[in-house]
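Step one of this worksheet: look at the structure below.
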Amino acid sequence: MMFDKSFTLKTANDVIKDVIIPNLTSGMAKEQAIALLSVLKNVDTNTIENTKPKEQLITLINQTVEEFLQAIRSDSSSAFNWVEELDSALEETVFIEDVTENWKQLNEIQCRLLRFLYKENAANRAIESKYIFPLRKRIREQLTIEMALVR
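Per this note's numbering, residue -15 is the first one in the sequence shown, and the count goes up by one each step.
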C-alpha cells in the first residue's frame, strides 16, 4: 500500500517525539531531533503529494472493472443481479475528486466484484476459469505496479 505523504511524515514525527527524543541523553542530540521535527513539518506543509502512480492505478482498475462488467452483461449464460449495483458504484467514483479516496473506492469495487464472482462460482464452476482467474491475473498486475512504487 502506498502511504500518503502527510501520513508518512506525521508517523515519522510521532516516532521522533514519542520514541527517539525521550531516549536521547545528549542535549545537543535532543536539539537536533527537535530541529528535524520542524524540517519534517515544513516538508509536509510546503510540498504536494505525487498522485501520478495512483492515477495510473485508478485508470487500470477502472478499465478492469468496466471490462469485466461488460463481459458479464454480454454473457447470455449469466444473469447476475449484482452487476447493476457495481455499475452504480463505479459511476459514483467519477464524482470523487480526491485521488486517494477514488483509488480506495475503485479497489473496493474490484474486491466486491471478485467476492460476487466467488459466490456465483459455488453454483457454476465455469465462472472460475471464465472470470475469476483472469480477474485475479489483472489484480496481480496492479499489485506488481504498486509494489514497484513502494520499493
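Beta carbons are placed, not taken as given, at the ideal position from N, Cα and C, and that holds for glycine.
Backbone CA spacing between residue i and residue j [nearest angstrom]
i        : j        : result
Ile179   : Asn7     : Outside the shown range of the chain (-15 to 135) lies residue 179, about which nothing can therefore be said.
Thr128   : Val83    : 20 Å
Gln54    : Ser(-10) : 38 Å
Ile39    : Trp87    : As written in the sequence, residue 39 is Glu, which differs from the Ile given in the question. Whole-angstrom Cα-Cα distance: 8 Å.
Leu98    : Ile18    : 48 Å
Met131   : Ser10    : 39 Å
Arg122   : Cys95    : 12 Å
Met(-15) : Arg57    : With a pLDDT of 49 at Met(-15), under the threshold of 50, the modelled position of that residue is not reliable, and no figure is offered here.
Presumed contact (8 Å Cβ cut-off) between residue i and residue j, rounded CB distance
i     : j      : result
Val49 : Ile93  : 6 Å
Phe64 : Phe117 : Not confirmed; about 18 Å, so no contact.
Status (buried if at least 16 other CB within 10 Å, exposed otherwise) for residue i
i      : result
Tyr115 : buried
Thr77  : buried
Ile45  : buried
Phe52  : buried
Ile157 : Because the chain in this structure spans residues -15 to 135, residue 157 falls outside the shown range and cannot be described.
Is it true that the region -8 to -1 meets the region 23 to 41, where meeting means three or more beta-carbon pairs spaced less than 8 Å apart?
yes
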